[in-house]
Amino acid sequence: MSEMMATPEPNGERHGLWSVNTRRDSDGVLTVAGVSVEDIAREFGTPTYVLDEDDMRSRARAWKRAMDEAFADLAGAEVYYAGKAFLSKAVARWMTAEGLHIDTASYGELQTVLAAGVPGSRIGLHGNNKSDEEIALALEKGIAHIVIDSLPEIDQVARLAAQRKMRAPVYVRVTTGVHAGGHDFIQTAHEDQKFGLSVNSGAAQQAIREIAANEHLDLLGLHSHIGSQILATAGFGEAAKVVLDLRTWAAEQGTQIREVDLGGGYGVRYTDDDAVPPAPEEFAGVLAQAVRDHVSKTGLPAPLVSIEPGRSIVAPAMLTLYEVGTIKDVQTDSGPRRYVSVDGGMSDNLRPALYGANYTAALASRNADGELVRSRVVGKHCESGDIVVHNVGLPDSVEAGDLLAVPVTGAYGRSMGSNYNMMCRPGVVAVVDGQAREIVRRETIDDLLALDVG
128 MSEMMATPEP
138 NGERHGLWSV
148 NTRRDSDGVL
158 TVAGVSVEDI
168 AREFGTPTYV
178 LDEDDMRSRA
188 RAWKRAMDEA
198 FADLAGAEVY
208 YAGKAFLSKA
218 VARWMTAEGL
228 HIDTASYGEL
238 QTVLAAGVPG
248 SRIGLHGNNK
258 SDEEIALALE
268 KGIAHIVIDS
278 LPEIDQVARL
288 AAQRKMRAPV
298 YVRVTTGVHA
308 GGHDFIQTAH
318 EDQKFGLSVN
328 SGAAQQAIRE
338 IAANEHLDLL
348 GLHSHIGSQI
358 LATAGFGEAA
368 KVVLDLRTWA
378 AEQGTQIREV
388 DLGGGYGVRY
398 TDDDAVPPAP
408 EEFAGVLAQA
418 VRDHVSKTGL
428 PAPLVSIEPG
438 RSIVAPAMLT
448 LYEVGTIKDV
458 QTDSGPRRYV
468 SVDGGMSDNL
478 RPALYGANYT
488 AALASRNADG
498 ELVRSRVVGK
508 HCESGDIVVH
518 NVGLPDSVEA
528 GDLLAVPVTG
538 AYGRSMGSNY
548 NMMCRPGVVA
558 VVDGQAREIV
568 RRETIDDLLA
578 LDVG
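Just remember that this note's numbering sits 127 ahead of the position in the sequence shown, which is counted from 1.
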């Protein structure tokens with residue numbers, strides 16, 4: 128990343144760093160969907176996550192449209208929104224209204240989606256260490272599928288299904304050996320990690336045999352997820368071939384696999400240095416071509432194909448609004464640097480500390496005047512790694528009380544948030560058509576103290 132980079136202004140472009148409805152008014156104040164960030168800060172406080180509802184929904188529609196068109200000549204396609212990126216009842220309702228299903232990975236996520244009124248038939252359940260409670264709830268609510276992640280889980284799901292005198296709809300999560308994604312922690316298809324069953328070792332094949340022989344399990348499909356923040360299509364095509372070849376093997380053993388879920392991981396731009404990711408149509412086209420090649424080669428009927436975008440739907444639709452506090456100038460070996468402290472930090476966005484992720488920031492409450500100064504935006508936690516933005520050019524005039532906005536924070540900011548240093552997690556404010564409403568309320572110290580029963 129550049130040592131000092133000015134943040135590009137919002138311009139309404141889909142691959143800009145701001146949501147498509149973010150602008151500056153005549154006074155230089157950022158607005159989102161016609162709502163001033165000053166008004167948002169005044170009514171809801173800071174830090175606050177600001178979510179452009181129309182932008183998020185339009186990105187969901189783009190994925191649905193791309194998959195429908197790419198697979199129109201095959202057996203069709205479904206899009207599951209990856210709830211781990213950011214989930215609330217409102218978001219679950221928006222996504223299903225746009226024709227998507229919801230992917231969950233815990234009891235809490237599953238209960239949130241159910242509380243939003245989403246039918247079980249439009250929900251999937253993931254997880255490498257599912258509890259009986261999670262699986263039982265999934266079965267009782269009739270969810271679309273449970274993704275088997277290990278050999279012991281086969282017996283666990285079968286036992287719970289037998290108790291309920293039913294057949295559990297399941298997928299097998301396949302480790303393809305395809306490496307893709309940014310940081311090592313978000314590459315999920317290589318051999319030495321916790322997810323899935325390896326094709327190379329034969330574990331995936333063993334799972335298929337065991338499930339096919341179990342009267343309480345219905346083997347619907349195969350699942351693959353190769354990583355996150357992927358900015359190229361090649362890895363998806365490679366992984367699809369591995370999964371589809373396994374489908375061919377299963378058919379040769381007498382087991383017909385009707386569905387294939389090729390996962391998520393589609394990346395976004397966080398700074399101006401990042402490459403523009405392929406459009407949904409490009410990703411969908413690569414996956415559809417892999418299925419066509421498979422059908423042509425084997426003569427098998429085409430499977431129903433699913434994908435699981437999350438970050439690419441919600442990340443660019445949200446910004447985090449902070450208030451500036453302490454400002455400190457320091458001298459480093461590479462020259463002066465200004466430390467701009469804000470009223471949040473790693474408790475509302477862990478990714479810079481966890482992954483070294485890069486973001487950018489802009490003065491949000493007025494026009495920028497003065498020369499740009501090499502700056503680092505930091506939080507208020509008791510960690511030197513509590514960095515919000517590593518390097519950005521901010522106006523020399525930035526002062527305490529100003530508002531800063533950090534774009535592209537919709538994915539894994541709120542969902543990875545914590546109460547470190549007994550900080551209250553920010554609320555989420557949705558904006559659309561000039562109206563703002565809180566869809567997840569800000570925590571209060573009373574909330575935190577209510578949990579402390581000692």
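Glycine included, every Cβ here is placed at the ideal spot set by N, Cα and C.
Burial state of residue i (16 or more Cβ within 10 Å)
i	result
Arg374	buried
Gln356	buried
Val403	exposed
Met549	exposed
Leu144	buried
Pro553	buried
Asp152	exposed
His142	exposed
Inter-residue spacing [alpha-carbon to alpha-carbon] between residue i and residue j
i	j	result
Arg300	His421	19 Å
Val240	Ile270	11 Å
Asp259	Leu389	26 Å
Ala563	Glu180	10 Å
Arg294	Leu346	10 Å
Ala480	Val515	8 Å
Thr425	Arg419	10 Å
Asn255	Glu236	15 Å
Ile229	Gln238	12 Å
Val519	Val525	13 Å
Gly172	Leu446	14 Å
Met473	Gly544	8 Å
Met194	Glu136	31 Å
Gly391	Leu157	32 Å
Arg464	Gly540	26 Å
Val369	Val580	52 Å
Tyr449	Val159	15 Å
Arg249	Leu227	8 Å
Tyr547	Leu490	26 Å
Ala242	Ser433	24 Å
Val245	Asp456	51 Å
Leu578	Ile572	10 Å
Arg336	Glu365	24 Å
Ile273	Ala232	10 Å
Ser542	Ala444	15 Å
Glu267	Lys292	11 Å
Ala289	Asp282	10 Å
Glu435	Ala204	11 Å
Arg150	Asn138	7 Å
Ser502	Ala263	51 Å
Simplified DSSP assignment, three categories, for residue i
i	result
Ser163	strand
Thr425	helix
Met550	coil
Val204	In the sequence as presented, Val is not what sits at residue 204; that position holds Ala. Ala204: strand per DSSP, three-state reduction.
Asp195	helix
Glu267	helix
Tyr539	coil
Gln562	strand
Gly251	strand
Met128	At Met128 the pLDDT is 43, less than 50, meaning the model places this residue with poor confidence; the figure from the coordinates comes in the next sentence. It is coil, neither helix nor strand.
Ala489	strand
Arg184	helix
Val516	strand
Glu585	Because the chain here runs from 128 to 581, residue 585 falls outside it and cannot be looked at.
Asp579	coil
Asp574	helix
Val567	strand
Val305	coil
Val505	strand
Trp190	helix
Arg624	The requested residue 624 is not part of the displayed model; the chain covers only 128 to 581.
Leu481	helix
Gly544	coil
Which residues DSSP lists as bridging residue i, in chain order
i	result
Pro522	Leu499
Leu178	Met445 and Ala557
Pro534	Leu446
Arg374	Answer by DSSP bridge pairing: none, since Arg374 is not bridged.
Arg150	Thr158
Val387	Leu349 and Val432
Val240	Partner(s): none; Val240 has no beta bridge.
Any C-beta of chain D under 8 Å from that of residue i
i	result
Glu225	Any reference to chain D falls outside this structure, which holds one protein chain only.
Whole runs of the beta strand (DSSP E) within the segment 308 to 362, excluding any shorter than 3 residues: 344 to 350
Length at least 4, wholly inside the segment 390 to 474: the alpha helix (DSSP H) runs in chain order: 407 to 425 and 438 to 441
Whole runs of the beta strand (DSSP E) within the segment 254 to 302, excluding any shorter than 3 residues: For the segment 254 to 302, whole beta strand (DSSP E) runs of length 3 or above, ordered along the chain, are 272 to 275 and 295 to 302.
Any alpha helix (DSSP H) of 4 or more consecutive residues that is wholly inside the segment 203 to 237: 216 to 224
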